[in-house]
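Chemist: Terminal number for the sequence shown in our numbering: 146, no gaps in between.
For glycine and all other residues, C-beta sits at the position ideal for the given N, C-alpha and C.
First the structure, which I've put down as structure tokens, then a few questions once you've had a look.
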Amino acid sequence: MENILIVDDEKAILEMMAETVSRWGYNPIVAENGEVALEKIHNADIDLLLTDFRLPKHDGIELVREMKEVDPSTKAILFTGYSGLNNAIDAFKAGVSDYLVKPVDLAELRKKIDIQLSSRKVNNRFKTLKSLNWGMLISIPIWLVLGIIFISLLR
């Protein structure tokens, strides 16, 4: 079950989103401000960060930057009541994977969550395969040398 860190200073929205993602089969981890969110980022395995743009103590973009330092493969969706182009540009520069404007449409949110978590799984599998390929490439010369030694011992 994937962990989704949900950060919003509006308690009603935070509770509604946590209940909703729980019904969708995800494990919600909640934080009501940026300070609590930073603590959870450092102490829990987070698969997706779902955060409001404007928060007390640390804004959503700061959280995304910190999350990317802790685990660059973690996806982030930023939501905000402010739809300015500059906000969106800053968010994507910080590493936000997707962006929603409040009020959040739950069907759209579910689609975006599913897409981001699927993308994370694919990227993680690709990294694993890439590591295995490198391991195989490195082992080829070793096997060649061992083969030559074995053949010379058989003579």
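When DSSP labels each residue in this structure, what does F70 get in the three-state scheme?
Modeler: DSSP places F70 in strand when its eight states are reduced to three.
Chemist: Tell me which residue opens and which closes the beta strand (DSSP E) that L40 is part of.
Modeler: First-last of the beta strand (DSSP E) with L40: 39 to 43.
Chemist: What residue range does the alpha helix (DSSP H) around L76 cover?
Modeler: Its alpha helix (DSSP H) spans residues 76 to 85.
Chemist: Can you check whether the CB of L41 is closer than 9 Å to the CB of I(-5)?
Modeler: Yes.
Chemist: State yes or no: is the C-beta of L5 within less than 9 Å of the C-beta of V12?
Modeler: For L5 and V12, no; Cβs fall outside 9 Å.
Chemist: Here's a check: name, in chain order, each residue in its chain whose Cβ is nearer than 6 Å to the Cβ of E72, leaving out the five neighbours to either side.
Modeler: According to the sequence displayed, residue 72 carries Gly and not Glu. Here the set comprises K93.
Chemist: From S130 to K118, what does the alpha carbon distance come to, in whole angstroms?
Modeler: Whole-angstrom Cα-Cα distance: 18 Å.
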